[in-house]
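Structure, as structure tokens:
In the working numbering, the protein residues as written are 1 to 325.
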């Protein structure tokens, strides 16, 4: 059997995975999309930054598992995998805290204009007055979560520890007990958008969530508010965001994911002083390399040995014949 690391990956990953898998398993790394699209012997694929489209899935009849290196799955054609009954799995929970930390980092950096202050200092300026007039603390602000899964809940906990009030919207409302334990309040999408000082996105990219923060939603945000997205780039209309940052109502925004990655040098978001951009780094920390390796290797072994995958990792349970919970 062949396990394909569709990367590229940190240099230590192939060796770490090799230690956890049978010695007779063939292990290879494919680093570019063109080479992956040409493959016709895929069986178990650990997918990091590349894509598994429908044509590629159909062209590999021996495919047994598509395992994402992370929590998102918008780089996989889920319908095509389901038609072939190929399980698609994520590494649920492994990088949740790292992404939540990154979201909070970006929120605080926006409120205090961290990157603009740094750039100003490096130009030889000592411009305290300009930034002091609109710098804020997170305490007593309303943080609005769009999406309240594992990452959203961790963001809520961290923000509340710093004194923020938290509202959330999610298609699947938490139980009253969970809301009380987290100290958060459920509200409609429109209410969260219009009443929050800070909005942070923690949604999957689906047909119903694409451009959920469009021109109308951005225009409905409070004057002087902040938008942070550490989830999926397609959730935000980037041209509309650029306009909202220049003309209002947003004071600042921070993005860790983009509709096109790598983000083009001539994209509409380039050059905005009140926008912080990071290259999809929220879950990419050295501390998580070994836990991620263990997770994806365990799921690969489960498939190789005919065992069911953990339900929380499975994306297409029903299509693969898993019984309903």
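Where a beta carbon is used, it is the ideal one built from N, C-alpha and C, also for glycine.
_Using 9 angstroms as the threshold, is the C-beta distance between residue 73 and residue 94 below it?_
Taking the first residue of the chain shown as position 1, residue 73 is located at position 73. Taking the first residue of the chain shown as position 1, residue 94 is located at position 94. No, they are not a contact pair.
*Classify residue 172 as buried or exposed, calling it buried when 16 or more other Cβ atoms lie within 10 Å of its own Cβ.*
Residue mapping note: residue 172 aligns to position 172 of the chain shown, counting from 1. The residue is exposed, with fewer than 16 neighbouring Cβ atoms inside 10 Å.
*For residue 193, count neighbouring C-beta atoms within 10 Å of its own C-beta (all shown protein chains included) and say buried if the count is 16 or more, exposed if not.*
Taking the first residue of the chain shown as position 1, residue 193 is located at position 193. Classification of residue 193: buried, given that the 10 Å Cβ count is 16 or more.
_Does residue 154 pass the burial test, meaning 16 or more other C-beta atoms within 10 Å, or should it be called exposed?_
Translated into positions along the chain shown, residue 154 becomes position 154. By the C-beta density criterion, residue 154 is buried, having at least 16 other C-beta atoms within 10 angstroms.
*asked:* Distance check for residue 19 and residue 177, CA to CA, integer angstroms please.
replied: The residue you call residue 177 lines up with position 177 of the chain shown. The residue you call residue 19 lines up with position 19 of the chain shown. Going from the Cα of residue 177 to the Cα of residue 19 covers about 42 angstroms.
*Identify, in the order they occur along the chain, each residue of the same chain with its Cβ nearer than 8 angstroms to the Cβ of residue 26, setting aside the five sequence neighbours on each side.*
Your numbering for residue 26 matches position 26 in the chain shown. So the list reads 1, 2, 3, once near-sequence residues are dropped.
*Residue ranges of each alpha helix (DSSP H) within the stretch 8-88, 4 or longer*: 13-20, 33-38, 54-58, 78-83
*Out of curiosity, what's the CA-to-CA distance linking residue 275 and residue 263?*
Along the chain shown, one-based indexing puts residue 275 at 275. Along the chain shown, one-based indexing puts residue 263 at 263. Answer to the nearest angstrom: the Cα atoms are 14 angstroms apart.
*My guess is that residue 84 and residue 63 are in contact by the Cβ rule of under 8 angstroms, so how many angstroms apart are they, rounded?*
Along the chain shown, one-based indexing puts residue 84 at 84. Along the chain shown, one-based indexing puts residue 63 at 63. Correct: roughly 7 angstroms between the Cβ atoms.
*Should residue 140 be labelled buried (16 or more other beta-carbon atoms within 10 Å of its own) or exposed?*
Residue 140 sits at position 140 when you count from the first residue of the chain shown. Burial call: exposed.
*How would you call residue 40, buried or exposed, if buried means at least 16 neighbouring beta carbons within 10 angstroms?*
Locating residue 40 in the chain shown gives position 40, where the first residue counts as 1. So residue 40 ends up on the exposed side.
_If I measure Cβ to Cβ from residue 291 and keep anything under 8 angstroms in the same chain, skipping five residues before and after, which residues do I get?_
Residue 291 sits at position 291 when you count from the first residue of the chain shown. Around residue 291: 94.
*Keeping to the same chain, check which residues put their C-beta closer than 7 angstroms to that of residue 283; ignore five residues upstream and five downstream.*
Along the chain shown, one-based indexing puts residue 283 at 283. For residue 283, where only same-chain residues beyond five positions count, the Cβ hits under 7 angstroms are 70, 95, 98, 99.
_Of the residues 142, 208, 202, the one placed nearest residue 221, counting alpha carbons only_ = Translated into the one-based positions of the chain shown, residue 221 becomes position 221. When each option's Cα is compared against that of residue 221, the closest is 142.
*Sorted by chain position, which residues of the same chain lie with C-beta nearer than 6 angstroms to residue 230's C-beta, five sequence neighbours on each side aside?*
To locate residue 230, count along the chain shown from 1; it is residue 230. Correct list, in chain order: 99, 102, 103, 256, 282.
*Whose CA, out of 270, 234, 226, 239, lies closest to the CA of residue 254?*
Taking the chain shown and counting its residues from 1, the one referred to as residue 254 is at position 254. Closest by alpha carbon: 226.
*Contact between the stretch 185-200 and the stretch 208-224: three or more CB pairs below 8 angstroms?*
yes
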